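In what follows, a single structure is set out as structure tokens and then discussed.
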Amino acid sequence: MRGFFGPEGTFTHQALLTLGDEPAIAFPTVTRALDAVRSGEVEASLVPIENSIEGGVSATLDYLALPESPLQIVTEVVIPVSFDLCVRPGTTLEQVQRVISHPHAIAQVRGWLDANLPAAMIVERGSTAGAAQAVSHPDSEFDAAVCAPVAGEMYGLVSLVSNISDNPGAATRFVLVTRPGPCPDRTGFDKTTLVAYMHQDHPGALLEILQQLAVRGVNLCRIESRPTKTTLGEYCFSMDAEGHLSDSRLAEAMMGLHRICKDVVFLGSYPRADRKPPKVPFGGKDADYRRAADWVGGLCRP
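Under the numbering used here, the sequence shown has 1028 at position 250, and the numbering climbs by one with no breaks.
Here is the structure:
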């Protein structure tokens, strides 16, 4: 049984359906969805991790990588995101005074809201489908929801204005997370997610971390600092790197990080949704590493 950040009708639910239509449990928060994996209530959960407009999803990044109980990413899904302004039948644009939606959704339609509903109160809460459900009640305090069209239809709303996204090319990335175990097989178009903790805060500490990747030709798809939640001003670095743990260049980079970092939390190697192969620099193929190891092994021998 799988879980997902619900309720039904969210973009997470839509992303889950691309992986099959088997029964799944909806959880009200990302943390609940991930806790269900840790407890064994579900085998895996799908949660959002990154948006092309707002960047990383903090709840996922932080709670996925708990040092004492990390989880593992086995699949990613990327879907385009488009929002409608959904209302109860009969509501006009002039009557919309209070709008509700998820914070990431509001951020992606902020320009449209400012231009078309400058006096409306915007409330950030829950999920996009939850927003549609809240508006559907006849005595709701909200007049409109920013949500996916499917969520509006699910709760009996109508699309007052369609496709109000400020950026029509917006997309959200989701990850299917399990308890730690074997990585999916290497495909040649893989991604590895990890969190690196500085051994000590000093000038050049981040540079030292990045050098372990750069000198081995490992490209980053994403990097962002996250508070360690221990001391004000103390940060770790969450990143996605091109390649699989089975790739010699990435394995050596991981060993280098392990040598210089206070801690490295491995969160999985898995196929990229866009099937984009990495650019491997000269000398960075597995065969190149094997030849180098054979050469060193042959030195100082009679």
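Every residue gets a Cβ at the ideal spot worked out from N, C-alpha and C, and that includes glycine.
This one's a predicted model, so the numbers in the text were calculated from it and none came from an experiment.
Cutoff 7 Å; reference Tyr933; Cβ partners in own chain excluding five residues on either side: Result list for Tyr933: Ala910, Gln911 and Ser914, in chain order.
Backbone CA spacing between Asn945 and Val877 [nearest angstrom]: Straight-line Cα distance between these residues: approximately 20 Å.
As assigned by DSSP and simplified to three states, the class of Ser1024: DSSP places Ser1024 in coil when its eight states are reduced to three.
Beta-carbon spacing of Ser943, Phe861 below 8 Å: Cβ distance < 8 Å, so Ser943 and Phe861 count as in contact.
Pro887 and Leu797 closer than 8 Å at C-beta: Inspection of the sequence shows that residue 887 is occupied by Val rather than by Pro. No, Cβ-Cβ distance for Val887 and Leu797 is not below 8 Å.
Between the CA atoms of Val924 and Tyr1048 - distance to the nearest angstrom: Rounded to whole angstroms, Tyr1048 to Val924 spans 32 Å at the Cα level.
Sequence ranges, beta strand (DSSP E) only - wholly within the stretch 861 to 903, length at least 3: Fully enclosed beta strand (DSSP E) runs of 3 or longer: 862 to 865, 876 to 879 and 899 to 902.
Pick from Val996, Thr950 and Ile831 that is closest to Thr1063, judged by C-alpha positions: For clarity, residue 1063 is Lys in the given sequence; the question names Thr instead. If we check each option's Cα against that of Lys1063, Val996 comes out closest.
According to DSSP, residues forming a beta bridge with Gln850: Bridge partners of Gln850 according to DSSP: Thr956.
Simplified DSSP state of Tyr933, which is helix, strand or coil: In the three-state DSSP reduction, Tyr933 falls in the coil class, being neither helix nor strand.
Residues that Lys1054 bridges to, as DSSP identifies them: In the DSSP output, where bridge partners are listed per residue, Lys1054 has none listed.
Spatial distance of Ala992 from Val1058 (CA atoms): Taking the straight line joining both Cα atoms gives about 12 Å.
Sequence-distant residues of the same chain with beta carbon closer than 8 Å to Arg816, five excluded per side: Excluding residues within five positions, the ones whose Cβ falls inside 8 Å are Ser847, Leu849 and Arg957.
Among Gly1021, Val955 and Cys864, nearest to Phe782 - alpha-carbon criterion: Out of Gly1021, Val955 and Cys864, Val955 has the C-alpha closest to the C-alpha of Phe782.
Through-space distance from Asp1052 to Trp1073, alpha-carbon basis: The alpha-carbon of Trp1073 is positioned some 37 Å away from that of Asp1052.
For Thr970, the first and last residue of its enclosing beta strand (DSSP E): Counting along the chain, the beta strand (DSSP E) containing Thr970 begins and ends at Asp968 to Met976.
Euclidean distance between Cα positions of Leu824 and Ile857: It is roughly 13 Å from the alpha-carbon of Leu824 to the alpha-carbon of Ile857.
Terminal residues of the beta strand (DSSP E) in which Glu1002 lies: It spans Leu998 to Pro1005 - the beta strand (DSSP E) in which Glu1002 sits, taken as one unbroken run.
Contact under 8 Å by Cβ, Arg964 with Ser1024: Here Arg964 is near Ser1024, since their CB atoms are less than 8 Å apart.
Limits of the alpha helix (DSSP H) - the one that Val1043 falls within: From DSSP, Val1043 is part of no alpha helix (DSSP H) but of the beta strand (DSSP E) over Cys1039 to Pro1049.
Counted within 10 angstroms of its Cβ, other Cβ atoms place Thr906 as buried (16 or more) or exposed: When all chains shown are included, Thr906 counts as buried.
Reduced DSSP secondary structure (H/G/I, E/B, other) of Ser940: Collapsing the DSSP output to three states places Ser940 in coil.
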